[in-house]
Amino acid sequence: MSVAPPTWSIERHRRVGSTMEIAGERAGAGAPEGTVVVADYQSAGRGRAGRQWVAPPGSALMLTAVLRPDLPADRLGPLALVAGVALAEAVEIETGLSCWLKWPNDLWFGDRLDGRKTAGILVSARLGSAGVDHVLVGIGLNVSTPAGAMAPGATSIAVELAQEGREPAPWGNGTFGDDPRERFLSRTLERLGKHYSGFVAARGRPPLADWLERAALLGEWVDVDDGGEAQRGVFTGLRADGALLLRNECGDEVAVVAGDLVRGPRYRPPSASARSRR
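Numbering follows the numbering used here, with no gaps: position 200 of the sequence shown is 199.
Printed below as a string of structure tokens:
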């Protein structure tokens, strides 16, 4: 089955509380799939787990897209992976920089074991009486954000390019149409449309191979904190629904559906004979 990409319709704002909030209002009022809310500045931008996303005016691409996938609610879990692949491809095409994807929703530059966060993705679904009413896909990408305006461990495209002795031109004066955020907006929506239409056509099957080839910490001992007891093991892959797969100290495979992923201490896996004595 072939599914056409959304027709994007962009609504621009200088200053908002949150693009997610405005896009949710538009979706609730019947806005069509493909509606995109973009802001020059957010005063209350939201990340995953209620975290705040803050960037100086004119320095980051901040958008939320309204989608209305014809899929059951239990097939929506991998949409963050779909958006991650789309965003990584957009950045790679526009900059030539290699990206890493950190489960579940971050984009890294640098080392795949200890990268620098430059983007985050937030996916929120609203159910209706007939199933899925709409899905909001929020993206925050640090484009020209200066180093001193970001949290420790974060970076921006401008900072990364400067480290390589490169700088795109023009960086503009902080207004849409005059800075590189337009390029990243256009390319991100183009790649998101491609991968989203493929995801819907495949009935909720995500591009796992494309995600895993950019997977930060793959094959490493990691800890995943879901707010309760931390799970620990070797990050071995992803399940089709987007869950993280770990091989724990006992050699068992464990699926984790949500949490914060960090590199953990290394362990020597138990021998086969030790596992047989359990």
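Where is the CB? At the ideal position from N, CA and C, for every residue including glycine.
So within the stretch 7–49, which uninterrupted alpha helix (DSSP H) runs reach at least 4 residues, ignoring any that extend past its ends? 18–27
When the Cβ atoms of the stretch 129–149 are set against those of the stretch 91–99, are three or more pairs found closer than 8 Å? no
Contact set for Pro169: own chain, Cβ-Cβ below 6 Å, skip 5 residues either direction: Taking the sequence shown and counting its residues from 1, the one referred to as residue 169 is at position 170. Unreliable placement is indicated for Pro169, whose pLDDT of 43 sits below 50; the coordinate value is still reported in the next sentence. Cβ within range, chain order: n/a, list empty.
Is it buried or exposed, Asp79, if we count other Cβ atoms within 10 angstroms and call 16 or more buried? The residue labelled residue 79 in the question sits at position 80 within the sequence shown. The residue asked about is misnamed: residue 79 is Ala in this sequence, not Asp. Answer is buried; the Cβ neighbour count reaches 16.
When you compare each of Ala59, Asp222, Gly203 and Phe183 to Thr154 by their alpha carbons, which one comes out closest? Within the sequence shown, the letter at position 155 stands for residue 154. Thr154 has its Cα closest to that of Ala59, out of Ala59, Asp222, Gly203 and Phe183.
In angstroms, rounded to a whole number, what distance separates the CA positions of Tyr266 and Ala215? Locating residue 266 in the sequence shown gives position 267, where the first residue counts as 1. Locating residue 215 in the sequence shown gives position 216, where the first residue counts as 1. In this prediction, Tyr266 has a pLDDT of 48, which is less than 50 and means its spatial position is unreliable; nothing more can be read from the coordinates.
What's the C-alpha gap between Ala82 and Glu248? Looking up residue 82 in the sequence shown gives position 83. Looking up residue 248 in the sequence shown gives position 249. Rounded to whole angstroms, Ala82 to Glu248 spans 32 Å at the Cα level.
Distance between beta carbons of Ala30 and Thr187, contact taken as under 8 Å: Taking the first residue of the sequence shown as position 1, residue 187 is located at position 188. Taking the first residue of the sequence shown as position 1, residue 30 is located at position 31. That pair is no contact at about 19 Å.
Among Gly226, Asp222 and Gly227, which one has its Cα closest to the Cα of Thr235? In the sequence shown, the residue the question calls residue 235 occupies position 236. Of Gly226, Asp222 and Gly227, the residue nearest in Cα terms is Asp222.
Excluding the five sequence neighbours on either side, which residues of its own chain have a C-beta within less than 8 Å of the C-beta of Ala118, listed in chain order? For this step, residue 118 is matched to residue 119 along the sequence shown. Closer than 8 Å at Cβ, skipping near neighbours: Leu86, Val90, Asp105, Leu106, Ile138, Gly139, Leu140 and Asn141.
State the start and end residues of the unbroken beta strand (DSSP E) segment that holds Ser123. In the sequence shown, the residue the question calls residue 123 occupies position 124. Per DSSP, Ser123 belongs to the beta strand (DSSP E) from Arg115 to Gly127.
Any idea which residues DSSP pairs Glu252 with across the strands? Numbered from 1 along the sequence shown, position 253 holds the residue referred to as residue 252. According to DSSP, which records beta bridges pairwise, Glu252 is partnered with Arg246.
Report yes or no: do three or more beta-carbon pairs, one from the stretch 10–19 and one from the stretch 32–42, lie closer than 8 Å? yes
Local conformation of Arg262 per DSSP, three classes: The residue given as residue 262 occupies position 263 in the sequence shown. In the structure shown, Arg262 sits in a strand (DSSP, three-state: E or B).
By how many angstroms is the C-alpha of Val36 removed from the C-alpha of Arg238? Position 239 of the sequence shown, counted from the start, is the residue given in the question as residue 238. Position 37 of the sequence shown, counted from the start, is the residue given in the question as residue 36. Taking the straight line from one Cα to the other gives about 31 Å.
Is Leu100 helix, strand or coil when you go by DSSP? On the sequence shown, position 101 is the one that residue 100 refers to. The answer is strand: DSSP assigns Leu100 an E or B state.
Going by C-alpha distance, which of Gly164, Ala201 and Leu66 is nearest Thr94? If you number the sequence shown from 1, residue 94 lands on position 95. Measuring from the Cα of Thr94, the nearest candidate turns out to be Gly164.
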